[in-house]
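S.K.: Chains as they are written, first to last, in my numbering: chain A, 43 to 255; chain B, 43 to 255.
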């Protein structure tokens, strides 16, 4: 449930500046300085939602630093709660619309990008809005290190099929594909809220990992 | 049902030399001469089984010449019956083990290859036997024209996931992916016998088309 008005949300996000980056554009080129261990790999989740994935990943991988971007204020407060509860120090949240990642990150600043259950924009006329459209891939390639990777998870068949072709046509290499992730029982898979909901209905979850070259 | 002994099979295959190529290795480099319209594109199905796909395709695409290879004699007789029934003149069948296609075809002789419901060889130790292992891709690339394509259909999740990665790592481009072909209701899809059987059980059918570059 996305509540439109959470008047306390602004205050809550400001209070926790140890997690929520207050001036993210000023951080461009020096994100790693925000973390206790700046030399760790830096992983970025685009669209963190209520934060179950990033909070779970930050606990599972304490040798990686994580940044989660979520544009909806009433949603990112949920992510903040989960990160606070996880009680880790390797995660930062950003409440911004990630229209162009190149405004937030310098070239080669990120090691890995996660796209979890992104809006599928199923109509052909909205193709340009899909986060795996080539204009977005150009952004990702620039902010990622050489041979940087993207991991995509979705329950949306159309977005998955589209993204595999888009990655390939952009010149990326597929490193891993699963067309029924939960049948594989990957013990390291951290579920998002959406994933938990849809997979419990028997809906297959799709995942792929692709690398720029 | 694969009958081991069909003593009449040899005779039946020999009788129909208008469809069954009797000395396929002698045809290397001049396959197109077998057809009424030699300049049409030449499509090859590896593992034609009982022939429902190639017979259906030959009727649907009378502007393409088709070759179907099937190593099991007791199975290819079924394909021969279907091709005879289809009453088309653009299909030839080959009863050989297609171990190395380069013994049967010259470089650039083929326009398109179909791999339909190939043996998945699920054990890791049998990876080399999968028809999308890189040694096979090398063969396909050689006998196909420049930018030649492969279309793969399977109900086997593991083989599909493996093949997408294998194609990509080999440098091929994905042109089309479907992780539930029958949900797409492609009116041009010609079903194989296997496909009909498995999709009627609600099993998703996977398809992809990939291009050499």
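We treat Cβ as the ideally placed atom computed from N, Cα and C, and that holds for glycine.
(1) Near residue 76 of chain B, which residues of its chain fall below 6 angstroms by C-beta distance, leaving aside the five closest residues on each side in sequence?
(2) Give a yes or no on whether the minimum CB-CB distance between residue 175 of chain B and chain A is below 8 angstroms.
(3) Just to make sure I have the definition right: I need the residues of chain B whose C-beta is within less than 9 angstroms of the C-beta of residue 211 of chain A. Which are they?
(4) Who are the neighbours of residue 240 of chain A on chain B, taking C-beta pairs under 7 angstroms?
(5) For residue 218 of chain B, is the beta carbon positioned less than 7 angstroms from some heavy atom of the ligand MN?
(6) How about residue 160 of chain B: is its C-beta nearer than 8 angstroms to some C-beta of chain A?
(7) Tell me the rounded alpha-carbon separation between residue 109 of chain A and residue 247 of chain B.
(8) I need the straight-line Cα distance from residue 154 of chain A to residue 86 of chain A, nearest angstrom please.
(9) Could you have a look at residue 43 of chain B and say whether DSSP puts it in helix, strand or coil?
(10) Taking just the CA atoms, how far does residue 211 of chain A sit from residue 140 of chain B?
(11) Out of A:125, A:193, A:63 and A:162, state which residue places its alpha-carbon closest to the alpha-carbon of residue 218 of chain A.
(12) Under 8 angstroms, do residue 112 of chain B and residue 66 of chain B count as touching if we go by C-beta distance?
(13) Which residues in the same chain as residue 165 of chain B place their Cβ atom closer than 8 angstroms to its Cβ, once the five residues preceding and following it in sequence are excluded?
(14) Could you check the C-alpha separation between residue 252 of chain B and residue 231 of chain A for me, to the nearest Å?
(15) Can you pull the chain B neighbours of residue 222 of chain A, defined as C-beta to C-beta under 8 angstroms?
(16) Which runs of the alpha helix (DSSP H) spanning at least 4 residues fall entirely within the segment 51-109 of chain A, listed in chain order?
(17) Check the Cβ-Cβ distances between residue 254 of chain B and every residue of chain A, and say whether any is below 8 angstroms.
(18) For residue 191 of chain B, is the classification buried or exposed, using 16 other Cβ atoms within 10 angstroms of its Cβ as the cut-off for buried?
(19) Does the segment 176-192 of chain B come close enough to the segment 147-163 of chain B to have 3 or more Cβ pairs within less than 8 angstroms?
(20) Got a sec: is the Cβ-Cβ distance from residue 194 of chain A to anything in chain B below 8 angstroms?
(21) At the level of alpha carbons, what is the spacing between residue 259 of chain B and residue 78 of chain B?
(22) Using a C-beta to C-beta distance shorter than 7 angstroms, which residues of chain B count as neighbours of residue 202 of chain A?
(23) I'd like the list of long-range same chain contacts for residue 119 of chain B, defined as Cβ closer than 8 angstroms, with 5 residues on each side in sequence excluded.
(24) Against chain B, with Cβ distances strictly below 8 angstroms, would residue 206 of chain A count as a contact?
(25) For a quick check, are the C-beta atoms of residue 89 of chain A and residue 160 of chain A less than 8 angstroms apart?
(26) Return yes when the Cβ of residue 207 of chain A is within less than 8 angstroms of the Cβ of residue 216 of chain B, no when it is not.
(27) Assign residue 68 of chain B to one of two classes, buried (16 or more other C-beta atoms within 10 Å of its C-beta) or exposed (fewer than that).
(28) Can you give me, in chain order, the residues of the segment 142-156 of chain B that have a beta carbon less than 7 angstroms from any beta carbon in chain A?
(29) State the beta-bridge partners of residue 193 of chain B as determined by DSSP.
(30) If you drop the 5 nearest sequence neighbours on each side, which residues of the same chain put their C-beta closer than 6 angstroms to that of residue 95 of chain B?
(31) If we ignore side chains and look at the alpha-carbon of each, how far apart do residue 240 of chain A and residue 202 of chain A end up?
(32) Note down, in chain order, every chain B residue with its Cβ under 8 angstroms from the Cβ of residue 182 of chain A.
(33) For residue 177 of chain A, which residues from the same chain have a beta carbon less than 8 angstroms from its beta carbon, with the 5 sequence-adjacent residues on both sides left out?
(34) Could you list which residues in chain B have their beta carbon closer than 9 angstroms to that of residue 248 of chain A, in chain order?
M.R.: Judging by the given coordinates:
(1) For the purposes of this step, residue 76 of chain B is taken as the residue at position 34 of the second chain. If we look at residue 76 of chain B and ignore the five residues flanking it on each side, its Cβ neighbours are 134.
(2) On the second chain, residue 175 of chain B is found 133 positions in, with the first residue counted as 1. Taking Cβ atoms only, chain A never reaches closer than 8 angstroms to residue 175 of chain B, which makes this a no.
(3) To locate residue 211 of chain A, count along the first chain from 1; it is residue 169. Result: 215, 216 and 217.
(4) Here residue 240 of chain A refers to the residue found at position 198 of the first chain. Within 7 angstroms Cβ-Cβ: nothing; residue 240 of chain A doesn't reach chain B, min ~15 angstroms.
(5) Of the ligands one can find in the structure shown there are none, so the ligand MN has no counterpart to examine.
(6) Translated into positions along the second chain, residue 160 of chain B becomes position 118. Not closer than 8 angstroms to any Cβ of chain A, the Cβ of residue 160 of chain B fails to qualify, so no.
(7) Here residue 109 of chain A is taken as the residue at index 67 of the first chain, counted from 1. Here residue 247 of chain B is taken as the residue at index 205 of the second chain, counted from 1. If you take the alpha carbons of residue 109 of chain A and residue 247 of chain B, they lie about 37 angstroms apart.
(8) Locating residue 154 of chain A in the first chain gives position 112, counting from the first residue. Locating residue 86 of chain A in the first chain gives position 44, counting from the first residue. Straight-line spacing of the CA atoms in residue 154 of chain A and residue 86 of chain A works out to 6 angstroms.
(9) Within the second chain, residue 43 of chain B is the residue found at index 1, counting from 1. Caution is warranted here: a pLDDT of 47 is assigned to residue 43 of chain B, below 50, making its placement in the model unreliable, and the coordinate value is therefore given only provisionally. Secondary structure at residue 43 of chain B: coil, using DSSP grouped into helix, strand and coil.
(10) Here residue 140 of chain B refers to the residue found at position 98 of the second chain. Here residue 211 of chain A refers to the residue found at position 169 of the first chain. Those two C-alpha atoms are separated by around 30 angstroms.
(11) By one-based count along the first chain, residue 218 of chain A stands at place 176. Comparing Cα positions, the closest option is A:193.
(12) Numbered from 1 along the second chain, position 70 holds the residue referred to as residue 112 of chain B. Numbered from 1 along the second chain, position 24 holds the residue referred to as residue 66 of chain B. Not closer than 8 angstroms, so no.
(13) Numbered from its first residue, the second chain carries residue 165 of chain B at position 123. Result list for residue 165 of chain B: empty, nothing under 8 angstroms.
(14) Looking up residue 252 of chain B in the second chain gives position 210. Looking up residue 231 of chain A in the first chain gives position 189. Approximately 29 angstroms between the Cα atoms of the pair.
(15) Position 180 of the first chain holds residue 222 of chain A. 199, listed in chain order.
(16) 51-57 and 94-102
(17) Along the second chain, read from residue 1 onward, the residue named residue 254 of chain B stands at position 212. No - not a single Cβ of chain A is within 8 angstroms of the one on residue 254 of chain B.
(18) As a first step, residue 191 of chain B must be located in the second chain, where it is residue number 149. By the 10 Å Cβ count, residue 191 of chain B comes out buried.
(19) Three or more beta-carbon pairs drawn from the segment 176-192 of chain B and the segment 147-163 of chain B are found closer than 8 angstroms, and the two stretches are therefore classed as touching.
(20) Translated into the one-based positions of the first chain, residue 194 of chain A becomes position 152. No, its Cβ sits nowhere closer than 8 angstroms to a Cβ of chain B.
(21) Nothing can be reported for residue 259 of chain B: it is not among the residues displayed for chain B, which extend from 43 to 255.
(22) Numbered from 1 along the first chain, position 160 holds the residue referred to as residue 202 of chain A. One finds 221 in chain B with Cβ atoms closer than 7 angstroms to the Cβ of residue 202 of chain A, taken in chain order.
(23) Indexing the second chain from 1 puts residue 119 of chain B at position 77. Scanning its chain for C-beta atoms nearer than 8 angstroms, with the 5 sequence neighbours on each side dropped, one finds around residue 119 of chain B the residues 48, 51, 54 and 55, in chain order.
(24) In the first chain, counting from the first residue as 1, residue 206 of chain A sits at position 164. Yes, residue 206 of chain A counts as interfacial toward chain B.
(25) In the first chain, residue 89 of chain A corresponds to position 47, counting from 1. In the first chain, residue 160 of chain A corresponds to position 118, counting from 1. It is a contact, given that the beta carbons lie within the stated cut-off.
(26) Taking the first residue of the second chain as 1, we reach residue 216 of chain B at position 174. Taking the first residue of the first chain as 1, we reach residue 207 of chain A at position 165. Against a cut-off of 8 angstroms, the Cβ pair of residue 207 of chain A and residue 216 of chain B comes out as a contact.
(27) Position 26 of the second chain holds residue 68 of chain B. Result: exposed.
(28) none
(29) Within the second chain, numbered from 1, the residue matching residue 193 of chain B stands at position 151. Per DSSP, B:156 and B:251.
(30) Position 53 of the second chain, counting from 1, holds the residue named residue 95 of chain B. Closer than 6 angstroms at Cβ, skipping near neighbours: 158, 232 and 234.
(31) Here residue 240 of chain A refers to the residue found at position 198 of the first chain. Here residue 202 of chain A refers to the residue found at position 160 of the first chain. Their Cα atoms are separated by approximately 15 angstroms.
(32) Translated into positions along the first chain, residue 182 of chain A becomes position 140. Result: empty, since nearest Cβ-Cβ is about 17 angstroms, beyond 8 angstroms.
(33) Along the first chain, one-based indexing puts residue 177 of chain A at 135. Correct list, in chain order: 170.
(34) Taking the first chain and counting its residues from 1, one reaches residue 248 of chain A at position 206. Going along chain B in sequence order, the residues near residue 248 of chain A (Cβ under 9 angstroms) are 221.
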